[in-house]
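Working notes, beginning with the structure itself.
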Amino acid sequence: MWIACAPVWRLVLAVVIGTRDQTGADVRRARVAQVTEDAMPWCTSDQLPADRHALLHPDGAWYQPPRPGRRGAYPPPRRRPPPRLRSAQVVKRRAGRHLVAVSTRVVCGTPEAVAASLAHAPVSCTVNTSVVERDNRTQRPRHRRFTRRTHGCSKDLPWVETHRWWSVASDHLV
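Position one of the sequence shown corresponds to residue 13 (this note's numbering), numbered consecutively onward.
Below is the structure:
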């Protein structure tokens, strides 16, 4: 499940149910762009590689990297993040099932720019994914489809997503 939240209001902006691959990340970014002003100046995520590509897909500018030498083919064109985009990842290191260490890694922008964005953030002064994790912790006991190690399952993903949106709506409106 892919979730995008606005941490100031603890508002769920987008939910995508499915495999955690590049397609899911792109769909989540497109849904966030539909409900926001289409600009994402600050983003934190876990350590999935699909997040960087999903951020650069709508906002990145194409550029041609230089050839490494005088001979050979040019490298393929790549996307460069816009200068105002700031993104960091929470990197969790585990030993078996136990969490050993938590660190951060800057994905887009400079460490100084990310630190300045965090200093002005109204919610938290650290890079974290606590809003999404709290939402997941709230939803798991409520829905048998999201509990772990159970016989409750859904055969159709659209029904799972509909059920999840119904829960989000009831949380935000009730």
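Idealized CB from N, CA, C, for every residue including glycine. Computed from a predicted model, the values in this text were never measured in an experiment.
- At the C-beta level, S115 and V126 stay beyond 8 angstroms of one another.
- Around the CB of S136, fewer than 16 other CB atoms lie within 10 Å, so the residue is classed as exposed.
- In the same chain as S129, and ignoring 5 residues on each side of it, the C-beta atoms closer than 7 angstroms to its own belong to W54, R98, in chain order.
- Boundaries of the beta strand (DSSP E) harbouring R117: 110-120, taken from the DSSP string.
- Separation of T174 and S57 (C-alpha to C-alpha, rounded to the nearest whole angstrom) is 24 angstroms.
- Secondary structure at R22: coil, using DSSP grouped into helix, strand and coil.
- With fewer than 16 other Cβ atoms from the protein chains shown falling within 10 Å of its own Cβ, W178 counts as exposed.
- DSSP lists R90 as the bridge partner or partners of Y75.
- Beta-bridge pairing by DSSP links W54 to R98.
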